[in-house]
Amino acid sequence: MAADQPTIVATSGGFRAGRRTNLEFHRLVHHAVDLSGVHGRKPRLCHIGTASGDQRWFSADVSEAGQLAGWEVSHLNLFTMPPTTDVPGFLASHDVVWVGGGSVANLLAVWAVHDLGSALRGAWQDGVVLGGVSAGSICWFAGGSTDSFGPELRVVTNGLGFLPYGNGVHYDSEAARRPTIHAAVAAGVLPVTHCTDDGAGLVYHGTELVEAVSERRTGGAYVVTREESSATAQEESLDIRRL
């Protein structure tokens, strides 16, 4: 099975602390699996941990979360080498690709070396649901704000561009996120930018934003646009559905 159209779930969430495990998949990851349309067998999720350096201990936690959920979980580690010579085929064998957080700048650099962008685009177009948190959200867009270079946020503009917008993550939990996004949009450095509070996610069919969802009772999602006449950023809250 595959999603009936190219689908991306871009989030500031997806994981939570487990009761008996270090990690559990939260509602946003479950929603991505639901959107894949899989039924009659265990869902297959591919975790990509490039942004945090493919830390094997975290991969083990993700695998354990998969066992708890009753899913098959595998990992596309690029350090020190990919697990296969057929990366496009490897990705296509999954229902969902979930990209973890960390350094989006490093992620994009490593992905460029391995030409992972073209493989991910092919998977997306073939109905594999793409998703992720933080760096794993920004990567699908034209760019966004990041602490990849240090504690003072900077803006990257070399995202994969599957979605022709900017992206802001952790909008409510890190004080510098909102003003950094507003300044970048006002200056024209980022295009129209879609943002999520912690626990929120944005669902896209093709390049169209179709729904904002949240795995928490609080928090929201927003669209920031440039007012051309005043060269200022304007923010609009989106309706959001609690999962």
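Letter by letter, the sequence shown follows residues 1 to 243 in the UniProt record's numbering.
Idealized CB from N, CA, C, for every residue including glycine.
None of the values given here were measured: they were computed from a predicted structure.
- At the C-beta level, S237 and V129 stay beyond 8 Å of one another.
- Put simply, the segment 2-18 does not touch the segment 51-60. Fewer than three CB pairs are less than 8 Å apart.
- The segment 66-94 is shown to contain whole beta strand (DSSP E) runs of 3 or more residues at 72-75, in chain order.
- When C-alpha distances from F25 are compared across R56, P6 and G100, the shortest belongs to G100.
- If you draw a 10 Å sphere on the C-beta of S214, you find 16 or more other C-beta atoms in it, and that means buried.
- The C-beta distance from V155 to S145 rounds to 6 Å, short enough to fall under 8 Å.
- Of the candidates G188, A119, L68 and K42, A119 places its Cα closest to the Cα of F90.
- As a beta-bridge residue in DSSP terms, C46 pairs with S74 and V97.
- Here R177 carries a helix assignment [DSSP, helix/strand/coil].
- In this structure the segment 101-120 does not touch the segment 62-75; the number of beta carbon pairs closer than 8 Å is below three.
- Burial check for A142: the Cβ neighbour count within 10 Å reaches 16 or more, so the residue is buried.
- CA-to-CA, the gap between R178 and T225 works out to about 13 Å.
- In the structure shown, F25 falls within a strand segment according to DSSP collapsed to helix, strand and coil.
- In the DSSP assignment, V113 falls within the unbroken alpha helix (DSSP H) covering V104 to H114.
- Looking at the DSSP output, E64 sits in no beta bridge, so it has no partner there.
- In the structure shown, the three-state DSSP call for G166 is strand.
- Straight-line measurement puts the Cα of C139 at about 12 Å from the Cα of A112.
- In the structure shown, the three-state DSSP call for I138 is helix.
- Per DSSP, G40 is not a residue of any beta strand (DSSP E), being assigned neither H nor E.
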